[in-house]
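Engineer:
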Amino acid sequence: MTLPLFRPGDDPGPDFAQLLRRLGHDPLGPTDLPDSTSFVDVHGTTIVALRYADGVIMAGDRRATAGSSIAQRAVEKVHPADRYSGIAIAGSAGFGLELIRLFQLQIEHYEKLEGEVLSLEGKANQLAMMVRGHLPMAMQGFVVVPLFAGFDLRRRVGRIFTYDPTGGRYEETDFHADGSGGRDARTTVKLRWQEGIDRDAAIELAVQALYEAADEDSATGGPDAVRGIYPTVATITGAGYEPVPEPEVAERFLAVIQSKSERGRRI
Numbered sequence: 002m003t004l005p006l007f008r009p010g011d012d013p014g015p016d017f018a019q020l021l022r023r024l025g026h027d028p029l030g031p032t033d034l035p036d037s038t039s040f041v042d043v044h045g046t047t048i049v050a051l052r053y054a055d056g057v058i059m060a061g062d063r064r065a066t067a068g069s070s071i072a073q074r075a076v077e078k079v080h081p082a083d084r085y086s087g088i089a090i091a092g093s094a095g096f097g098l099e100l101i102r103l104f105q106l107q108i109e110h111y112e113k114l115e116g117e118v119l120s121l122e123g124k125a126n127q128l129a130m131m132v133r134g135h136l137p138m139a140m141q142g143f144v145v146v147p148l149f150a151g152f153d154l155r156r157r158v159g160r161i162f163t164y165d166p167t168g169g170r171y172e173e174t175d176f177h178a179d180g181s182g183g184r185d186a187r188t189t190v191k192l193r194w195q196e197g198i199d200r201d202a203a204i205e206l207a208v209q210a211l212y213e214a215a216d217e218d219s220a221t222g223g224p225d226a227v228r229g230i231y232p233t234v235a236t237i238t239g240a241g242y243e244p245v246p247e248p249e250v251a252e253r254f255l256a257v258i259q260s261k262s263e264r265g266r267r268i
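In case it helps, this note's numbering puts the sequence shown at residues 2 to 268.
1. Straight-line CA distance for Ser69 to Gln195?
2. Between the alpha carbons of Ala235 and Asp225, how many angstroms are there, rounded?
3. Among the candidates Asp42, His44, Ala60, Tyr111, whose CA atom is the shortest distance from the CA of Ile161?
4. Put Arg184 into one of helix, strand or coil per three-state DSSP.
5. I'd like to know whether the C-beta of Pro232 is nearer than 9 Å to at least one C-beta of chain C.
6. Can the beta-carbon of Ile58 be found closer than 9 Å to that of Leu206?
7. For Met138, count the other beta carbons within 10 Å of its own beta carbon; 16 or more makes it buried, fewer makes it exposed. Which is it?
8. What would DSSP say about Phe96, mapped onto helix, strand or coil?
9. Evaluate the contact criterion for the segment 90-99 versus the segment 238-251: three or more CB pairs, one atom per stretch, below 8 Å.
10. Mapping DSSP to helix, strand and coil, what is Arg74?
11. How would you label Asp116, buried or exposed, when you count the other beta carbons within 10 angstroms and need 16 or more for buried?
12. Since I believe Arg74 is in contact with Arg64 (beta carbons under 8 Å), could you give me their beta-carbon distance rounded to a whole number of angstroms?
13. Thinking C-alpha only, which one of Ser86, Phe96, Gly151, Pro246 is nearest Ile230?
14. Within the same chain, show all residues whose beta-carbon is closer than 7 Å to that of Asp199, passing over the 5 residues directly before and after it, in chain order.
15. Which whole runs of the beta strand (DSSP E) in the segment 197-251 are 3 residues long or more, in chain order?
16. Rounded to the nearest angstrom, how far is the Cβ of Gly134 from that of Gly87, given a contact under 8 Å?
17. Would you check if the segment 76-87 and the segment 98-108 touch, i.e. whether three or more CB-CB distances between them fall below 8 Å?
18. Could you check what DSSP says for Val144 in three-state terms: helix, strand or coil?
19. What's the call for Lys124, buried or exposed, on a 16-neighbour Cβ count within 10 Å?
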């Protein structure tokens, strides 16, 4: 296998997506897709991120829907972007998962060519360009809305970035939630979030936000004890991206359910 060669004025540099275009490939898929009314797109739903004392918590439910039906019960919507950052997706699930893979490759490609680690804000900007490149498909109804978060090694703090379908990038101060159950999840976090909360409290809050979203939004999946399927939760700190073990997530959900049951009996 030989590496491609480019003239100086045509060199894509560290941009992996642009490299694919130079080689005749569309990194985000074809733009001449069939009319979105001709089939039902599979959608991922609710994702959450919130800052805590040591960094950031990211969480997402596992359900994907196709219209009013459950298409998948165990979709992973939260993934590491690299060692110190994570990305979650809501919206068109297939294109969203492809965007995650392309973003992971883009970060690795950039750092190999440039010989230095890309800053957290630089990664957020790279993702914004990719979302902007997805706009033709978003205009056809295949919208992908990512949520990006990580630990800023320079500032020594967790940071959260949100996007709109046109590629607009916005930094959230403390927390954010997106997807069909995002409003209910945001409300839950807003009522209980405090500056400097610890890891246990942050995980409990993220879990409760997803539980409340699932209670109000049929597209959001709650804990499935029968099948052993629980939402994905991960922490991102100075030690890196680390998934929260599923038994711990299950235990947190059990505590939320018991609290709800006790409150109902008192009423």
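Glycine included, each C-beta is placed from N, C-alpha and C at the ideal position.
Structural biologist: According to the structure shown:
1. 36 Å
2. 19 Å
3. Ala60
4. helix
5. Among the chains of the structure shown, chain C does not appear; only one protein chain is present.
6. yes
7. buried
8. helix
9. no
10. coil
11. The identity of residue 116 in the sequence shown is Gly, whereas the question assumes Asp. Exposed is the call here.
12. 6 Å
13. Pro246
14. Tyr53, Ala54
15. 233-238, 241-244
16. 21 Å between Cβ atoms; not a contact.
17. yes
18. coil
19. buried
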